[in-house]
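Engineer: I'd like to ask you about the structure that follows.
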Amino acid sequence: MALIFAIQEYDPSPFYLLDEIDQNLDAVNAEKVARMIRRNSNAAQFVQISLRKVSLKEADHLIGVTMTPESVSEVIMRVNLADIEDEKPEKPSEVLTA
Amino acid sequence: MSENYQTVLNHLLFHKALISETEGGQRINRYLAMLNEIDQGMHVAVRDPFEKSVVAAFELVLERQMDPWEINLTPFTKLFLEKVKKEGTVNFVTAGKLVFLAWSILKLQSDKVLLNAMPPEAPPDDGAWDLDMFRDPADLDYNQVVLDGTATPLTEAIRREGRRAVTLMELMDAFDEARREADLQLQRNALREAAIRKFAPNFHQKVHGEDLTEDIALTWQRLAQFNGEPIPLRQLTVGDIWDEVTVFMSLLFLAHLEKVKLWQKDYPYGEILVKRLSMEADLPTEELLAIPALGPKPPAPTPEAVP
Numbered sequence: 205m206a207l208i209f210a211i212q213e214y215d216p217s218p219f220y221l222l223d224e225i226d227q228n229l230d231a232v233n234a235e236k237v238a239r240m241i242r243r244n245s246n247a248a249q250f251v252q253i254s255l256r257k258v259s260l261k262e263a264d265h266l267i268g269v270t271m272t273p274e275s276v277s278e279v280i281m282r283v284n285l286a287d288i289e290d291e292k293p294e295k296p297s298e299v300l301t302a
Numbered sequence: 681m682s683e684n685y686q687t688v689l690n691h692l693l694f695h696k697a698l699i700s701e702t703e704g705g706q707r708i709n710r711y712l713a714m715l716n717e718i719d720q721g722m723h724v725a726v727r728d729p730f731e732k733s734v735v736a737a738f739e740l741v742l743e744r745q746m747d748p749w750e751i752n753l754t755p756f757t758k759l760f761l762e763k764v765k766k767e768g769t770v771n772f773v774t775a776g777k778l779v780f781l782a783w784s785i786l787k788l789q790s791d792k793v794l795l796n797a798m799p800p801e802a803p804p805d806d807g808a809w810d811l812d813m814f815r816d817p818a819d820l821d822y823n824q825v826v827l828d829g830t831a832t833p834l835t836e837a838i839r840r841e842g843r844r845a846v847t848l849m850e851l852m853d854a855f856d857e858a859r860r861e862a863d864l865q866l867q868r869n870a871l872r873e874a875a876i877r878k879f880a881p882n883f884h885q886k887v888h889g890e891d892l893t894e895d896i897a898l899t900w901q902r903l904a905q906f907n908g909e910p911i912p913l914r915q916l917t918v919g920d921i922w923d924e925v926t927v928f929m930s931l932l933f934l935a936h937l938e939k940v941k942l943w944q945k946d947y948p949y950g951e952i953l954v955k956r957l958s959m960e961a962d963l964p965t966e967e968l969l970a971i972p973a974l975g976p977k978p979p980a981p982t983p984e985a986v987p
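Right, here's the structure in full:
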């Protein structure tokens with residue numbers, strides 16, 4: 205993961221889609237990655253699929269996706285964390301949870 | 681003053697004479713003081729677990745009248761463990777050190793046996809005939825040697841020497857090494873804890889802070905306070921981001937388990953409503969167990985650990 209982020213630092217993209225990159229990280233490292241994405245979101249847009257609360261906490265917007273009994277993924281709610289007073293975002297980044 | 685006490689005393693004094701005062705004289709002086717107190721029937725009051733181990737070893741040697749120059753580790757280890765168990769606490773570092781010492785000696789003996797089993801090196805061949813090499817009759821006529829009934833020209837069988845004797849002082853060295861290792865370990869632990877406090881003050885809280893099952897149970901308890909009518913999501917949270925995220929994540933799993941129904945009035949950020957579909961007070965354990973675990977997976981058992 206560090207290598208990929210280093211490459212992206214050298215040759216940045218305007219948009220990133222990250223799929224459960226923090227799933228197997230311990231809580232401390234998951235938080236480090238979340239903070240780094242938060243910091244980098246000043247220069248690019250990040251859409252991240254995650255089940256980790258430490259990642260969701262750093263996001264500006266949450267999009268709740270769950271699977272229905274018919275095995276269809278469905279967006280059931282969107283939360284704007286920027287509305288919560290104790291965290292004011294600078295640039296938008298989104299986190300999807302599935 | 682018992683005879684065995686005198687033997688142990690002589691043993692310690694002998695080793696004290698071998699070393700310089702700066703290296704270990706104080707240590708042996710301490711052992712001598714302990715030995716004297718034990719011999720006089722006094723209780724040696726020490727709190728340090730390693731000092732206790734040393735006292736226990738001395739007591740054992742005196743009680744069982746062991747030869748301080750030749751202590752068989754097999755019965756000693758057994759007796760020592762029995763003794764420390766009676767004391768109430770077992771010092772596993774010291775006990776492990778004893779086993780390690782026994783193993784080391786066994787290995788040394790094995791190496792010696794292997795070395796003895798190696799064929800002797802042939803003398804360098806300078807090309808000339810050396811008739812002196814046949815001066816032993818066995819080299820010339822094997823049958824004649826057997827018939828004469830002198831020494832049997834058979835290679836001695838390789839056997840492991842069954843005894844594993846060490847001196848009392850070697851035992852004390854092992855205890856001392858155990859103490860140094862334990863001191864180092866304590867220092868490492870203290871440094872680790874200090875580093876955690878400095879760089880990640882809420883490390884322990886973070887490590888144990890992500891338990892989905894617990895989060896879902898908490899959210900379900902909050903939902904159970906309402907009578908099943910649709911309620912806004914914000915009524916389930918206490919206002920801070922962490923709690924918001926906890927409830928958000930839990931509701932997704934509850935929706936997947938068909939315990940709640942979620943809908944949003946207006947996209948993208950309209951009011952989110954939650955309705956409880958199940959009237960159970962607590963969620964069944966088997967349903968909670970199906971929830972995925974977060975974080976790194978525990979290491980797989982090693983092949984040695986599998987029976």
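Taken in sequence, the protein lines are chains A and B.
The first sequence lines up with residues 205 to 302 when you count with the working numbering.
The second sequence lines up with residues 681 to 987 when you count with the working numbering.
Just so it is clear, CB atoms sit at the ideal spot from N, CA and C, and this is done for glycine as well.
Quick one: list the residues of chain A neighbouring A935 (chain B), beta-carbon separation under 7 Å, in chain order.
Structural biologist: The answer, in chain order, is T270 and I280.
Engineer: Identify the continuous alpha helix (DSSP H) that holds V237 (chain A) and give its terminal residues.
Structural biologist: First-last of the alpha helix (DSSP H) with V237 (chain A): A231 to N244.
Engineer: With 9 Å as the threshold, decide whether the Cβ of F906 (chain B) is near any Cβ in chain A.
Structural biologist: Output row for F906 (chain B): interface = no.
Engineer: Among the residues of its own chain, which have a CB less than 7 Å from the CB of P748 (chain B), if the five just before and after it don't count?
Structural biologist: Around P748 (chain B): T687, V688, H691, V741, T847 and L848.
Engineer: Quick check on A247 (chain A): does DSSP put it in helix, strand or coil?
Structural biologist: A247 (chain A) falls in the coil class under three-state DSSP.
Engineer: Listing by chain order, which chain A residues have their CB less than 9 Å from the CB of W943 (chain B)?
Structural biologist: The contacting residues are I280 and M281.
Engineer: Could you tell me whether the Cβ of E984 (chain B) comes closer than 9 Å to any Cβ of chain A?
Structural biologist: Caution is warranted here: a pLDDT of 49 is assigned to E984 (chain B), below 50, making its placement in the model unreliable, and the coordinate value is therefore given only provisionally. With 9 Å as the cut-off, E984 (chain B) does not count as an interface residue toward chain A.
Engineer: Establish whether the CB of K295 (chain A) and some CB of chain B are separated by less than 9 Å.
Structural biologist: In this prediction, K295 (chain A) has a pLDDT of 47, which is less than 50 and means its spatial position is unreliable; what the coordinates show is noted afterwards. Judged by the 9 Å Cβ criterion, K295 (chain A) is not in contact with chain B.
Engineer: Is the CB of D895 (chain B) under 9 Å away from at least one CB in chain A?
Structural biologist: Yes - at least one Cβ of chain A is within 9 Å of the one on D895 (chain B).
Engineer: Is the segment 257 to 266 of chain A in contact with the segment 917 to 937 of chain B, if contact means three or more CB pairs nearer than 8 Å?
Structural biologist: Verdict: yes, contact present.
Engineer: Comparing alpha-carbon positions, which option in B:E960, B:A775, B:E767 and B:G705 lies nearest W900 (chain B)?
Structural biologist: Ranking the options by Cα distance to W900 (chain B), first place goes to B:E960.
Engineer: By the 8 Å beta-carbon criterion, what residues does the segment 208 to 232 of chain A contribute toward chain C?
Structural biologist: Going by chain labels, chain C is absent from the structure shown, which instead holds the protein chains A and B.
Engineer: Secondary structure at W749 (chain B), three-state DSSP: helix, strand or coil?
Structural biologist: In this structure, W749 (chain B) counts as coil in the three-state DSSP scheme.
Engineer: If you count every other CB in all the chains shown that lies within 10 Å of the CB of D791 (chain B), and 16 or more means buried, which is it?
Structural biologist: Exposed: under 16 other Cβ atoms inside 10 Å.
Engineer: Along the chain, where does the beta strand (DSSP E) that runs through Y220 (chain A) open and close?
Structural biologist: Its beta strand (DSSP E) spans residues F219 to D223.
Engineer: Decide if the segment 914 to 924 of chain B is in contact with the segment 858 to 877 of chain B; the criterion is three or more beta carbon pairs, one per stretch, under 8 Å apart.
Structural biologist: Result no; under three Cβ-Cβ pairs closer than 8 Å.
Engineer: If we call anything under 9 Å between Cβ atoms a contact, is E1062 (chain B) one with K945 (chain B)?
Structural biologist: Here chain B comprises residues numbered 681 to 987, so residue 1062 (chain B) is not present and cannot be evaluated.
Engineer: With distances taken Cα to Cα, identify the nearest neighbour of V779 (chain B) among B:N752, B:N907 and B:L795.
Structural biologist: Minimum Cα distance to V779 (chain B) is reached at B:N752.
Engineer: Answer yes or no: do D880 (chain B) and V237 (chain A) have a C-beta to C-beta separation smaller than 9 Å?
Structural biologist: Residue identity differs from the one stated: residue 880 (chain B) is Ala in this sequence, not Asp. Their beta carbons are not under 9 Å apart, which means A880 (chain B) does not touch V237 (chain A) by this criterion.
Engineer: Apart from the five residues on each side of it in sequence, which residues of its chain come closer than 6 Å, Cβ to Cβ, to P987 (chain B)?
Structural biologist: In this predicted model, P987 (chain B) has a pLDDT of only 40, less than 50, meaning its place in the structure is not dependable; the value taken from the coordinates is given anyway. Nothing meets the Cβ criterion.
Engineer: Considering I311 (chain A), what are the terminal residues of the beta strand (DSSP E) in which it resides?
Structural biologist: Absent from the structure is residue 311 (chain A), since the part of chain A shown begins at 205 and ends at 302.
Engineer: Our contact map puts R902 (chain B) next to L916 (chain B) with C-beta atoms below 8 Å; I'd like the distance itself, whole angstroms only.
Structural biologist: At roughly 5 Å, the Cβ-Cβ gap stays under 8 Å, so R902 (chain B) and L916 (chain B) are in contact.
Engineer: List the residues that DSSP assigns as beta-bridge partners of R282 (chain A).
Structural biologist: R282 (chain A) is bridged to A:I267.
Engineer: Taking H265 (chain A) as the reference, give the member of A:T272, A:E278 and A:R282 with the closest Cα.
Structural biologist: Minimum Cα distance to H265 (chain A) is reached at A:R282.
Engineer: Span of the beta strand (DSSP E) holding K955 (chain B)?
Structural biologist: I952 to R956 is the extent of the beta strand (DSSP E) around K955 (chain B).
Engineer: Could you tell me the boundaries of the alpha helix (DSSP H) in which K696 (chain B) lies?
Structural biologist: From DSSP, the alpha helix (DSSP H) with K696 (chain B) extends over E683 to L698.
Engineer: Our contact map puts A775 (chain B) next to L851 (chain B) with C-beta atoms below 8 Å; I'd like the distance itself, whole angstroms only.
Structural biologist: In fact, because the Cβ distance is near 12 Å, the residues do not count as touching under 8 Å.
Engineer: What is the DSSP secondary structure of P755 (chain B), reduced to helix, strand or coil?
Structural biologist: Three-state DSSP puts P755 (chain B) in a helix.
Engineer: Contact defined as beta carbons within less than 8 Å: I believe V954 (chain B) pairs with L942 (chain B). What is the distance between those atoms, to the nearest angstrom?
Structural biologist: Yes, V954 (chain B) and L942 (chain B) are in contact; Cβ-Cβ is about 6 Å, under 8 Å.
Engineer: Between which residues of its own chain and T757 (chain B) is the CB-CB distance below 8 Å, once the five residues before and five after are set aside?
Structural biologist: Cβ within range, chain order: A775, L778, V779 and A782.
Engineer: Can you tell me the Cα-Cα spacing of P948 (chain B) and A904 (chain B), whole angstroms?
Structural biologist: Each residue's Cα considered, the two are about 28 Å apart.
Engineer: In angstroms with no decimal places, state the Cα-to-Cα distance between D215 (chain A) and F209 (chain A).
Structural biologist: C-alpha separation (whole angstroms): 10 Å.
Engineer: Quick check: what's the CA-CA separation for N684 (chain B) versus D856 (chain B)?
Structural biologist: Going by the C-alpha atoms only, they are around 23 Å apart.
Engineer: Relative to the C-alpha of G268 (chain A), which candidate in A:V279, A:M240, A:R243 and A:K261 has its C-alpha closest?
Structural biologist: Closest option to G268 (chain A), Cα to Cα, is A:V279.
Engineer: What are the start and end residues of the beta strand (DSSP E) that includes L255 (chain A)?
Structural biologist: Here L255 (chain A) belongs to no beta strand (DSSP E), and DSSP marks it neither H nor E.
Engineer: Along chain B, which residues have their Cβ under 9 Å away from the Cβ of N244 (chain A)?
Structural biologist: Here the premise fails: no neighbours, minimum Cβ distance about 20 Å.
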